[in-house]
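Protein chains in written order, with this note's numbering: chain E, 1 to 429; chain U, 1001 to 1429.
Glycine residues also receive a C-beta, built at the ideal position from the N, C-alpha and C atoms.
The model shown is predicted, which means the values in this text are computed figures rather than measured ones.
Protein chains: 2
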Amino acid sequence: MVKQYNITLEDVPKRWYNILPDLPEPLPPHTDPETGESRLAQLPKYILGECLKQEFSEDRWIDIPEGVQDLYAQAGRPRPLFRAKLLEEKLKTPARLYYKSEFYSPTGSHKVNTALAQAYYAKKEGYERLTTETGAGQWGTALSYAAALADIECTVYWVRAVYKWKMERLNFMKLYGSTVHASPSPMTKSGKELYDQDNDHPGSLGIAISEGVEHAIEDDGAIYCLGSVLNHVLTHQTIIGLETQKQFELADDYPDMMISCLGGGSNFGGFTIPFLGEVCRGEKDIKFLAAQSEVAPNLTGEYRYDFGDHAGLTPMLKMYTVGHQASMAPIKGDGLRYHGAAPILSLLRHHGLIDTVAYPQDEKHVFERAQMFIRTEGFLPAPESAYSVCAAIDEALKCKETGEEKCIAFNISGHGFMDMHGYTEVLER
Amino acid sequence: MVKQYNITLEDVPKRWYNILPDLPEPLPPHTDPETGESRLAQLPKYILGECLKQEFSEDRWIDIPEGVQDLYAQAGRPRPLFRAKLLEEKLKTPARLYYKSEFYSPTGSHKVNTALAQAYYAKKEGYERLTTETGAGQWGTALSYAAALADIECTVYWVRAVYKWKMERLNFMKLYGSTVHASPSPMTKSGKELYDQDNDHPGSLGIAISEGVEHAIEDDGAIYCLGSVLNHVLTHQTIIGLETQKQFELADDYPDMMISCLGGGSNFGGFTIPFLGEVCRGEKDIKFLAAQSEVAPNLTGEYRYDFGDHAGLTPMLKMYTVGHQASMAPIKGDGLRYHGAAPILSLLRHHGLIDTVAYPQDEKHVFERAQMFIRTEGFLPAPESAYSVCAAIDEALKCKETGEEKCIAFNISGHGFMDMHGYTEVLER
Chain E
1 MVKQYNITLE DVPKRWYNIL PDLPEPLPPH TDPETGESRL AQLPKYILGE CLKQEFSEDR
61 WIDIPEGVQD LYAQAGRPRP LFRAKLLEEK LKTPARLYYK SEFYSPTGSH KVNTALAQAY
121 YAKKEGYERL TTETGAGQWG TALSYAAALA DIECTVYWVR AVYKWKMERL NFMKLYGSTV
181 HASPSPMTKS GKELYDQDND HPGSLGIAIS EGVEHAIEDD GAIYCLGSVL NHVLTHQTII
241 GLETQKQFEL ADDYPDMMIS CLGGGSNFGG FTIPFLGEVC RGEKDIKFLA AQSEVAPNLT
301 GEYRYDFGDH AGLTPMLKMY TVGHQASMAP IKGDGLRYHG AAPILSLLRH HGLIDTVAYP
361 QDEKHVFERA QMFIRTEGFL PAPESAYSVC AAIDEALKCK ETGEEKCIAF NISGHGFMDM
421 HGYTEVLER
Chain U
1001 MVKQYNITLE DVPKRWYNIL PDLPEPLPPH TDPETGESRL AQLPKYILGE CLKQEFSEDR
1061 WIDIPEGVQD LYAQAGRPRP LFRAKLLEEK LKTPARLYYK SEFYSPTGSH KVNTALAQAY
1121 YAKKEGYERL TTETGAGQWG TALSYAAALA DIECTVYWVR AVYKWKMERL NFMKLYGSTV
1181 HASPSPMTKS GKELYDQDND HPGSLGIAIS EGVEHAIEDD GAIYCLGSVL NHVLTHQTII
1241 GLETQKQFEL ADDYPDMMIS CLGGGSNFGG FTIPFLGEVC RGEKDIKFLA AQSEVAPNLT
1301 GEYRYDFGDH AGLTPMLKMY TVGHQASMAP IKGDGLRYHG AAPILSLLRH HGLIDTVAYP
1361 QDEKHVFERA QMFIRTEGFL PAPESAYSVC AAIDEALKCK ETGEEKCIAF NISGHGFMDM
1421 HGYTEVLER
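Below is the structure:
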């Protein structure tokens, strides 16, 4: 029984896939709010030139620079696609289950795929410092790693609610040489306003983004890097799905359904966009399911223009959102705690191509399903990835009822080695 | 610049290499002590039948059962060999550095290579329960994982000094469904004696082995699994070195020197034995260097018969040892804290084929070198693997002085995601 499919290093895709030209309608442009100064005009002050070009590119394929290809190899790409044979047997499902192993990453998640590209471009464009935000901590670690490899400084604004309980991940970022501030911090204007009201303010991803952006605008040698939501970030992440397509060819199989968790959308998008492109072009018929939390079910929110951050420093993006200043209760899968879904995915959702399921705040069901996966397949998913696993198992059990021999693919975007007390707390609750 | 070499799943070796027939002299047999009952006669009560056969086999090649091959694929084999180009540039060394990525493992270390084999054989031989000991926790996690996949129970006796500060790893073992006791425990006769004297006794690997062995002897449905030292364990681990040989062929290069850390010897042996075999057969000229701790520098001890455990329940093994009841101060690289080196490696050391270096108890130099590696190559080694990294960097710097264009290969046997406070404590000391 073959349990693993992988391509060779030579077969790792050399181009990212840009879905913009294949969308069912043109992507509504990022815009300025009706009042106040222009946010669009400020973009070049904090987004990398090359990334801005990619953000609005109509080219279907974007060459991955050789330097970035080398870094992908260094980060352990390609990553295998696994057939979940033991889980299938345990569930007694007629469904065929496959999972992509983005957890085999130097820092523990898929976030390195865009971090390495952005740090590479930053160095090339002459910047000396990177700034960013992080929620669960995976993105902050990934950018710290990429910055260390590029020998460039990095400052991370980290949502305080998470900063406080993930001491190990904090130390990991520092080990790479990064400076890390709990957010809201007194270091920026947008942070200080909230910090002065409450110096134990739990923060949010939106607030932390405001701080990272503001820092980069104020500091000429610094550039801001975003880890999700924007088009170019999702484009960099398509390396996941493009590899997966080649691996499915080796498996002589193809997904009927693809599942992943969705916060801002970078892992969901990276995994599914090459397949969504096939559906958009009428070549394939695949269902897509996003696993979310009830505390931030952005795909069931409104489809409208909203800011990407809390303070309203970014341009407005047309997206499914629960509101850029919505308050969201803390959960262990903190990476899912973001108010809006990436514009590309929002448009596809609007056209009925993406379904969603949201799990309760207590996360009990999610972690129990993850435990079932751990005890059969042996891998420890990150709390966010536990949502992918959970939705995949739920779907496989539906197939058991209906007898459908569906091919279900899901992405495990990160590992949970540094999130063990999240597991313990939820399972022993 | 190629940074990674890997073989395909199809090319993963299908046989383990057994060095016994290639040794420069026959391996001194395991024996009984001069007084008291026979330990050899008891072996079948606690060591798997298939493993005992392999322990004394004179066959150079041992077929890996198809079921174990499948499990290796499931555990993500093959694992890439990386060229440490960024580290070389940082060090300005003329040496070529390569490292094997055993850290890309479901539980975080190379220990799964023998855990999966032993759990597979246990299931086949009709056992219902596994018992074992663990020091750093990597072996206990690996066996818990393998037991879960084989759907068989597992009890782990864990050195108390480590059990107490690695709460996450403890919870990880429990997540797999294992029962874990701090050792010495009141659960066994050999543990209870020490526990009754001091119920906060820090324990040692030798004591924990006594407990695991005793448990298996007393319980008919249970069998004991050892994670290091014995011939069959090292043989299972040769999958590491056999893969590495094929990867060096792809790199069109070959090591002049091989380095790894050595506690009992399973990762060192697994990595080097296929190459040591080439040296024994006169086909190659390679230097081998074991990185150890000054608290357990067993390779600089005496070469004599000694017990493998604290209580003297095992047969006597001819090995380099600091004494089976030696007390050893705690260190973060706890996996290196064992009194004896595997008999196979001890014999090769005795014949001058293996050199050793031991680092001070404060581990400052070791962790500083590891940090240099983390900031250039990006991977986070386990505390034990930090010793491999440290020795490799020290050797590369010697090459800088001499101008030698040496090819140095080292093994990173595990990752440090669950050992971050070890890093922080040592580096901030």
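Leaving aside the five residues that flank L348/E on each side, the residues in its chain whose CB is nearer than 7 angstroms to its CB run, in chain order, L276, I354. Taken atom to atom, the span from the alpha-carbon of C399/E to that of L86/E is near 16 angstroms.
Positions of the alpha helix (DSSP H) runs, each at least 4 residues long and wholly inside the segment 258-285 of chain E, are given as 266-280 in order along the chain. Three or more pairs of CB atoms, one per stretch, sit closer than 8 angstroms, so the segment 1405-1418 of chain U contacts the segment 1099-1116 of chain U.
Going by beta carbons, L299/E and G308/E fall outside the 8 angstroms limit.
Three or more Cβ pairs closer than 8 angstroms define a contact, and the segment 201-212 of chain E falls short of that threshold against the segment 89-101 of chain E. Against chain U, the CB of K3/E has a partner CB under 8 angstroms away; the residue lies at that interface. One alpha carbon belongs to E37/E, the other to I217/E, and they sit about 14 angstroms apart. Rounded to the nearest whole angstrom, the CA to CA distance from T1134/U to S1183/U is 9 angstroms. Out of A1147/U, A1122/U, E1088/U, V1322/U, the CA that lies nearest to the CA of T1107/U is found in A1147/U.
Contact with chain E is absent for P1065/U, since none of that chain's Cβ atoms lies less than 8 angstroms from the residue's Cβ. Using a Cβ-Cβ cut-off of 8 angstroms, H1421/U counts as an interface residue toward chain E, since at least one Cβ of chain E sits closer than that to its own.
Straight-line spacing of the CA atoms in L175/E and R1375/U works out to 8 angstroms. Around the C-beta of W1061/U, fewer than 16 other C-beta atoms lie within 10 Å, and the residue is accordingly described as exposed. Of all C-beta pairs linking the segment 332-340 of chain E to the segment 131-145 of chain E, three or more are shorter than 8 angstroms, placing the two stretches in contact. Neighbours of N1171/U across chain E, judged by C-beta separation under 8 angstroms: M420, H421, Y423, T424.
Its chain contains L1427 as the residues whose beta carbon lies nearer than 7 angstroms to that of Q1371/U, once the 5 sequence neighbours on both sides are disregarded; these appear in chain order. DSSP places K1192/U in the helix class (H, G or I) of the three-state scheme.
Beta-bridge analysis with DSSP links C399/E to no other residue. By the CB criterion at 8 angstroms, S1293/U and G1265/U fall outside the cutoff. In this structure, DSSP gives C225/E a state outside helix and strand, which the three-state scheme calls coil. Within chain U, the C-beta atoms nearer than 7 angstroms to that of F417/E come from G1108, F1417, M1418, in chain order. By the Cβ-count criterion, F56/E is exposed, with fewer than 16 other Cβ atoms from all chains shown falling within 10 Å of its own Cβ. Only those residues of the segment 1006-1026 of chain U whose C-beta falls short of 8 angstroms from the nearest C-beta of chain E are listed: N1006, T1008, L1009. The C-alpha of H1350/U lies about 10 angstroms from the C-alpha of I1344/U.
Residue range 112-124 is occupied by the alpha helix (DSSP H) that includes Y121/E. Against P1080/U, the close residues of chain E are G76, in the order they occur along the chain (beta-carbon pairs closer than 7 angstroms). By the criterion of at least three beta-carbon pairs nearer than 8 angstroms, the segment 1388-1396 of chain U is in contact with the segment 1278-1296 of chain U.
Under the 8 angstroms criterion on CB atoms, D70/E is classed as interfacial with respect to chain U. DSSP places Q1371/U inside the alpha helix (DSSP H), whose first and last residues are 1364-1377. Contact between the segment 1025-1035 of chain U and the segment 19-32 of chain E is absent, with fewer than three C-beta pairs closer than 8 angstroms. Rounded to whole angstroms, the Cβ separation of S204/E and S178/E is 21 angstroms, and the two are not in contact under 8 angstroms. Along the segment 1089-1122 of chain U, going in chain order, the ones with a CB nearer than 8 angstroms to a CB of chain E are S1101, Y1104, P1106, T1107, G1108. By the criterion of at least three beta-carbon pairs nearer than 8 angstroms, the segment 44-59 of chain E is not in contact with the segment 279-287 of chain E. When 7 angstroms is used as the limit between beta carbons, E168/E is near these residues of chain U: M1420, H1421, in chain order. Of all alpha-carbon atoms in K189/E, E128/E, R281/E, the one lying nearest the alpha-carbon of A311/E is that of K189/E.
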